[in-house]
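For the sequence shown, the numbering used here assigns the number 94 to the initial residue and increments by one for each residue that follows.
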Amino acid sequence: MKIPSLRRFAPFLWLVLMLGLVGCNSNPAAQSVGPLVTISSPRNGERVLTGESVEFTTVASDSVTPIQRIELWVDGVLVGDSSTPTDEQLHQFTAIHDWVFEEAHTATVEAFAYNLENERSQVAEIVLRVDGPPPITATVVVESAESTSPTAAPLATADNAPTAPPATATPESITVLGRVTAQPGVNVRSGPGTNSTRLGGVFANNEVVGIGRTEVGDWVKIRFEGGEGWVVTRFVQWASDINLLPVANE
């Protein structure tokens, strides 16, 4: 009687045994899903201003393979690439990049993370509304001329013979000094526009010399250590009115 009973439960016992073997042979280690990255600041849809430094904070993580680096792209252009220390293997890494927008528009910001096996994360993306600064209203002070009584002109003598009038500055010789106020600096381009080639840059608090301007005055041609180029007018604090500068060609 006992043997038939055991045979009746044999399939059930066999199933329990197989499940136990599968559980013993399974690998408890976590399976890699590759690196992950997020843009923690600024927030998606946030409003920022041109000429002001915007700080981007990105966080990458990978539970299996250490993080190697983080890339930051703005409007399809690589603007930041931060790598982890070579002597450390970090499974979580935070990178901070600064960027200054030159023109008002809707900006697309993307971040990618790479681990030590060069696996790339899915894109983390935000959209920012870039607005220009409020317009500055110029105040013009007009002084009334004082009335004076006409006086007789003195006769010319050898001592007071008329002399040649002092030379006046030609438009080409007029310059205006300026100091860069944008943080961390301002781009210098080959022409008045963000589509022009970037020739270099001038860091904040450095001086430049304005030698020309566009007709509307939104860009100024400057002389700097790298030669001559164009900068956005509002990113520089000018010592005098830039409208004194001649209209310059590219």
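Glycine included, each C-beta is placed from N, C-alpha and C at the ideal position. Since the model is a prediction, treat every value here as computed from it, not as a measurement.
Backbone CA spacing between residue i and residue j [nearest angstrom]
| i | j | result |
| --- | --- | --- |
| His198 | Glu210 | 37 Å |
| Pro159 | Gln182 | 5 Å |
| Val279 | Ala297 | 7 Å |
| Val309 | Asn288 | 18 Å |
| Trp331 | Val172 | 28 Å |
| Asn336 | Val302 | 14 Å |
| Gly284 | Leu142 | 23 Å |
| Val202 | Glu196 | 15 Å |
| Ala341 | Pro135 | 38 Å |
| Ile304 | Asp334 | 12 Å |
| Arg327 | Leu165 | 26 Å |
| His184 | Val126 | 13 Å |
| Ser214 | Leu270 | 47 Å |
| Phe149 | Leu292 | 25 Å |
| Thr274 | Asn137 | 27 Å |
| Gly286 | Asp174 | 25 Å |
| Ala320 | Asp155 | This sequence places Gly at residue 320; Ala is not what is there. Rounded to whole angstroms, Gly320 to Asp155 spans 46 Å at the Cα level. |
Of the listed residues the options, nearest to residue i (C-alpha basis)
| i | options | result |
| --- | --- | --- |
| Asn208 | Ala200, Val220, Glu195 and Ser176 | Ser176 |
| Val295 | Asp168, Val220, Pro339 and Val281 | Val281 |
| Thr268 | Arg140, Leu338 and Arg222 | Leu338 |
| Asp168 | Glu139, Phe194, Ala188 and Arg136 | Phe194 |
| Gly322 | Pro135, Leu142, Glu343 and Ala332 | Glu343 |
| Arg162 | Thr179, Phe149 and Asp224 | Thr179 |
| Glu145 | Gly286, Asp334, Pro277 and Ala341 | Pro277 |
| Ile132 | Gly320, Gly286, Ser333 and Ile219 | Ile219 |
| Ser266 | Arg316, Gly286 and Ala206 | Arg316 |
| Pro128 | Thr274, Ala206 and Lys314 | Ala206 |
| Val157 | Phe149, Asp174 and Glu212 | Glu212 |
Under 8 Å between C-beta atoms of residue i and residue j
| i | j | result |
| --- | --- | --- |
| Glu300 | Arg272 | yes |
| Val147 | Asp191 | yes |
| Thr151 | Ala204 | yes |
| Val312 | Val329 | The question names Val, but residue 312 in the sequence shown is Trp. Not in contact: Trp312 and Val329 (Cβ atoms no closer than 8 Å). |
| Ala200 | Leu221 | yes |
| Arg306 | Asp224 | no |
| Phe186 | Ala217 | no |
Start-to-end residues for the beta strand (DSSP E) that takes in residue i
| i | result |
| --- | --- |
| Arg306 | Glu300 to Arg306 |
| Asp311 | Neither: Asp311 is in no beta strand (DSSP E) and is coded neither H nor E. |
| Asp155 | Looking at the DSSP string, Asp155 is not in any beta strand (DSSP E), and its letter there is neither H nor E. |
| Gln330 | Val329 to Trp331 |
| Asn280 | Gly278 to Arg282 |
| Leu270 | Val269 to Val273 |
Per DSSP, the bridge partner or partners of residue i
| i | result |
| --- | --- |
| Arg222 | Arg140 and Thr199 |
| His190 | Phe149 |
| Thr131 | Val152 |
| Glu164 | Asp174 and Phe205 |
| Glu321 | Arg316 |
| Ala294 | Note on identity: in this sequence residue 294 is Gly, with Ala being the wrong assignment. Partner(s): Asn280. |
| Val340 | Arg306 |
| Gln182 | For Gln182, which the question treats as bridged, DSSP gives no partner whatsoever. |
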